[in-house]
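Numbering (the numbering used here), first residue to last: 708 to 1048. Report on one structure; see the data block that follows.
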Amino acid sequence: MFKFQKKIIKFFALIIILIVAGAFFLTRGDKNIETRTVNFKIEKGDSIWVIGKKLKKERLIDNQFSFIFEVYKKGKEKKIKAGEYLLNSKLNVDEIIELVANGNIIEKNNQKKLTFPEGWTTKQMAELLNKEGFSGNEFLKMTKEPKYFQEKYSYSFLDNIPKNKSLEGFLFPDTYFFANNTDSEIIIKKMLDNFNKKLSEDLRQEIKKQQKTIYEIVTMASIIEEEVKNTEDKKIVSGIFWRRLKRGQAFQSCATLAYILGENKKQYSYEDTKIESPYNTYLYPGLPPGPISNPGLDSILAAIYPTKTNYNYFLNNPKTGKTIFSRTLEEHNLNKTKNGL
708 MFKFQKKIIK
718 FFALIIILIV
728 AGAFFLTRGD
738 KNIETRTVNF
748 KIEKGDSIWV
758 IGKKLKKERL
768 IDNQFSFIFE
778 VYKKGKEKKI
788 KAGEYLLNSK
798 LNVDEIIELV
808 ANGNIIEKNN
818 QKKLTFPEGW
828 TTKQMAELLN
838 KEGFSGNEFL
848 KMTKEPKYFQ
858 EKYSYSFLDN
868 IPKNKSLEGF
878 LFPDTYFFAN
888 NTDSEIIIKK
898 MLDNFNKKLS
908 EDLRQEIKKQ
918 QKTIYEIVTM
928 ASIIEEEVKN
938 TEDKKIVSGI
948 FWRRLKRGQA
958 FQSCATLAYI
968 LGENKKQYSY
978 EDTKIESPYN
988 TYLYPGLPPG
998 PISNPGLDSI
1008 LAAIYPTKTN
1018 YNYFLNNPKT
1028 GKTIFSRTLE
1038 EHNLNKTKNG
1048 L
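Structure (structure tokens):
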């Protein structure tokens, strides 16, 4: 009996706190000075409290208390619908509640569909954004601020990014839908959220178990992404590269030369292999300073779970795209001749 009374008292105490807090915060107003457009997503199962926190985090409201108070006051707590909404920072709490309660979800035909292929660099992504009417230049500038995103959105997977490095490697390649004039920060956040979701806790634990960092895995995956396309071949190439790393051997990856030169060649010259750059894996053994592209999940998985073989060399047939493996240098050179390389 007493336990039941305590629960009743706690319930009414919570209601009173919300009313008082709501009344207080409502006097402060919720409109921001700057005008921003945000793709705001409500997941199925999100509580009113969680939605309020998300709105606050996106700077769409000054505080979640006024939102919670108004939702219950209007009796809308069971009417809010999951989905993605286009919200403006000039909207007040009442207007936001009406939008999410009426289910004014963004229709995909009112958005631009953007596809970022696996292996694209941030520069290529920025060029597509410029072409489609977004601010690619601002996007590129913001990708150079990983610490900003790490601190603001608590992305633990960005912890090991060295100083002066960008988000290259972490902008997950996929098809996205963005409303016109969507901020670069929102575009980047959506891509980072995708990466965060794809790199499951099990994968993170496996990386930790191997005594590697996420940054090392992503760097390796970015090279694998550019070297081979077949899923099984990626795992074999991963095994070759990790073994070279363990032995202190140079990777001799043509993909890193392409990254330095900004172009893909059928065959690279001796002079190309001598270009002075920390990304030149012909000159310097081990992993380059950072990712050379934004890899897909297959390449990330290949970097985490390499296939152990007796192969030490590989090449790609320029006509068929097939990857040919060899155990000895003599066999490798013979394969190069056979494939016109």
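Cβ coordinates follow ideal geometry from the N, Cα and C atoms, glycine included.
Residue 829 - DSSP class collapsed to helix/strand/coil = Translated into positions along the sequence shown, residue 829 becomes position 122. Correct three-state label for residue 829: helix.
May I ask you to verify whether the segment 784-798 touches the segment 822-837, counting CB pairs closer than 8 Å and requiring at least 3?
-> no
Of the residues 873, 913, 865, which one's Cα is nearest the Cα of residue 903?
-> Residue 903 sits at position 196 when you count from the first residue of the sequence shown. Here the closest residue by C-alpha is 865.
Check whether residue 1009 and residue 929 have beta carbons under 8 Å apart | Position 302 of the sequence shown, counted from the start, is the residue given in the question as residue 1009. Position 222 of the sequence shown, counted from the start, is the residue given in the question as residue 929. Cβ distance not < 8 Å, so residue 1009 and residue 929 don't count as in contact.
May I have a chain-ordered list of the beta strand (DSSP E) segments no shorter than 3 residues that lie completely inside the segment 868-943?
-> 882-885
Anticipated Cβ contact below 8 Å, residue 834 with residue 843, distance rounded | Locating residue 834 in the sequence shown gives position 127, where the first residue counts as 1. Locating residue 843 in the sequence shown gives position 136, where the first residue counts as 1. Confirmed, about 6 Å.
Roughly how many angstroms separate the alpha carbons of residue 905 and residue 898, rounded to a whole number?
-> Counting from 1 along the sequence shown, the entry for residue 905 is found at position 198. Counting from 1 along the sequence shown, the entry for residue 898 is found at position 191. C-alpha separation (whole angstroms): 11 Å.
Who does residue 821 pair with in a DSSP beta bridge?
-> Reading the sequence shown from its first residue, position 114 is the one you call residue 821. For residue 821, which the question treats as bridged, DSSP gives the partners 883.
Select from 832, 759, 838, 791 the residue whose C-alpha is nearest the C-alpha of residue 801.
-> Position 94 of the sequence shown, counted from the start, is the residue given in the question as residue 801. It is 759.
Residue environment, residue 736, which counts as buried when at least 16 other CB atoms sit within 10 Å = Along the sequence shown, read from residue 1 onward, the residue named residue 736 stands at position 29. Caution applies to residue 736, whose pLDDT of 43 falls short of 50 and renders its modelled position unreliable; the model cannot decide the point.
Start and end residues, beta strand (DSSP E) containing residue 791 = Stepping through the sequence shown from its first residue, residue 791 is reached at position 84. It spans 790-795 - the beta strand (DSSP E) in which residue 791 sits, taken as one unbroken run.
Consult DSSP for residue 1023 and reduce its assignment to one of helix, strand or coil.
-> Position 316 of the sequence shown, counted from the first residue, corresponds to residue 1023. The answer is strand: DSSP assigns residue 1023 an E or B state.
Where residue 850 falls: helix, strand or coil (DSSP) | Stepping through the sequence shown from its first residue, residue 850 is reached at position 143. Correct three-state label for residue 850: coil.
Ignore the nearest five residues each way along the sequence and tell me which others in residue 1043's own chain have a CB closer than 8 Å to its CB.
-> Position 336 of the sequence shown, counted from the start, is the residue given in the question as residue 1043. Excluding positions up to five away in sequence, the list reads 1022.
Can you give the Cα-Cα distance for residue 889 and residue 956, rounded to whole angstroms?
-> Position 182 of the sequence shown, counting from 1, holds the residue named residue 889. Position 249 of the sequence shown, counting from 1, holds the residue named residue 956. Looking at the two C-alpha atoms, the distance is approximately 45 Å.
Residues near residue 878 by beta carbon distance below 8 Å, same chain, minus five either side | In the sequence shown, counting from the first residue as 1, residue 878 sits at position 171. Here the set comprises 823, 829, 832, 850, 895, 898, 899, 902, 1001.
6 Å CB neighbourhood of residue 980 in its chain, flanking five on each side removed = Taking the sequence shown and counting its residues from 1, the one referred to as residue 980 is at position 273. Answer for residue 980: 989, listed in chain order.
Cβ shell of residue 893 (< 7 Å), same chain only, five flanking positions each side left out = The sequence position of residue 893 within the sequence shown is 186, counting from 1. Cβ within range, chain order: 745, 746.
Start and end of the beta strand (DSSP E) containing residue 1011?
-> Here the question's residue 1011 lines up with position 304 in the sequence shown. Careful: residue 1011 lies outside any beta strand (DSSP E), inside the alpha helix (DSSP H) at 1004-1011.
How should residue 661 be labelled, buried or exposed, when 16 other C-beta atoms within 10 angstroms of its C-beta is the threshold for buried?
-> The chain is shown from 708 up to 1048; residue 661 falls before or after that span and cannot be answered.
Quick one: Cα of residue 1027 to Cα of residue 1046, how far?
-> As a working note, residue 1027 is residue 320 in the sequence shown. As a working note, residue 1046 is residue 339 in the sequence shown. Those two C-alpha atoms are separated by around 10 Å.
Based on Cα-Cα distance, which residue from 1019, 995, 1039 lies nearest to residue 876?
-> Numbered from 1 along the sequence shown, position 169 holds the residue referred to as residue 876. That would be 995, whose Cα lies nearest to the Cα of residue 876.
Looking only at its own chain, which residues have a Cβ that is under 8 Å from the Cβ of residue 790, when we skip the five neighbours before and after it?
-> By one-based count along the sequence shown, residue 790 stands at place 83. Cβ neighbours of residue 790 beyond the five flanking positions: 748, 749, 810, 812, 813.
By how many angstroms is the C-alpha of residue 796 removed from the C-alpha of residue 827?
-> The residue you call residue 827 lines up with position 120 of the sequence shown. The residue you call residue 796 lines up with position 89 of the sequence shown. If you take the alpha carbons of residue 827 and residue 796, they lie about 32 Å apart.
Considering residue 963, what are the terminal residues of the alpha helix (DSSP H) in which it resides?
-> Residue 963 sits at position 256 when you count from the first residue of the sequence shown. Run containing residue 963: 961-968, per the alpha helix (DSSP H) assignment.
Do residue 1013 and residue 942 have their C-beta atoms within less than 8 Å of each other?
-> Mapped onto the sequence shown, residue 1013 falls at position 306. Mapped onto the sequence shown, residue 942 falls at position 235. For residue 1013 and residue 942, yes; Cβs fall inside 8 Å.
Use the C-beta contact count for residue 767: other C-beta atoms within 10 angstroms, 16 or more gives buried, fewer gives exposed.
-> Stepping through the sequence shown from its first residue, residue 767 is reached at position 60. Residue 767 is buried by the Cβ-count criterion.
Quick one: residues in its chain with C-beta nearer than 7 Å to the C-beta of residue 1041, no 5 flanking neighbours on either side, listed in chain order?
-> As a position in the sequence shown, residue 1041 is number 334, starting the count at 1. Cβ neighbours of residue 1041 beyond the five flanking positions: none.
With residue 932 and residue 1003 assumed to form a contact (beta carbons below 8 Å), what rounded beta-carbon distance in angstroms separates them?
-> The residue you call residue 932 lines up with position 225 of the sequence shown. The residue you call residue 1003 lines up with position 296 of the sequence shown. With a Cβ gap of about 7 Å, residue 932 and residue 1003 count as contacting.
How is residue 774 classed by DSSP in three states: helix, strand or coil?
-> Taking the sequence shown and counting its residues from 1, one reaches residue 774 at position 67. In this structure, residue 774 counts as helix in the three-state DSSP scheme.
In the structure shown, what three-state DSSP assignment does residue 746 receive?
-> The residue labelled residue 746 in the question sits at position 39 within the sequence shown. In the structure shown, residue 746 sits in a strand (DSSP, three-state: E or B).
Consult DSSP for residue 1030 and reduce its assignment to one of helix, strand or coil.
-> Within the sequence shown, the letter at position 323 stands for residue 1030. The answer is strand: DSSP assigns residue 1030 an E or B state.
Roughly how many whole angstroms lie between the Cα atoms of residue 984 and residue 776?
-> Position 277 of the sequence shown, counted from the first residue, corresponds to residue 984. Position 69 of the sequence shown, counted from the first residue, corresponds to residue 776. Rounded to the nearest angstrom, the two C-alpha atoms are 58 Å apart.
Distance, residue 976 Cα to residue 1039 Cα | Counting from 1 along the sequence shown, the entry for residue 1039 is found at position 332. Counting from 1 along the sequence shown, the entry for residue 976 is found at position 269. Going by the C-alpha atoms only, they are around 18 Å apart.
Proximity winner among 1020, 770, 972, 862, relative to residue 940 (alpha-carbon distances) = The count along the sequence shown starts at 1 and reaches residue 940 at position 233. Residue 940 has its Cα closest to that of 1020, out of 1020, 770, 972, 862.
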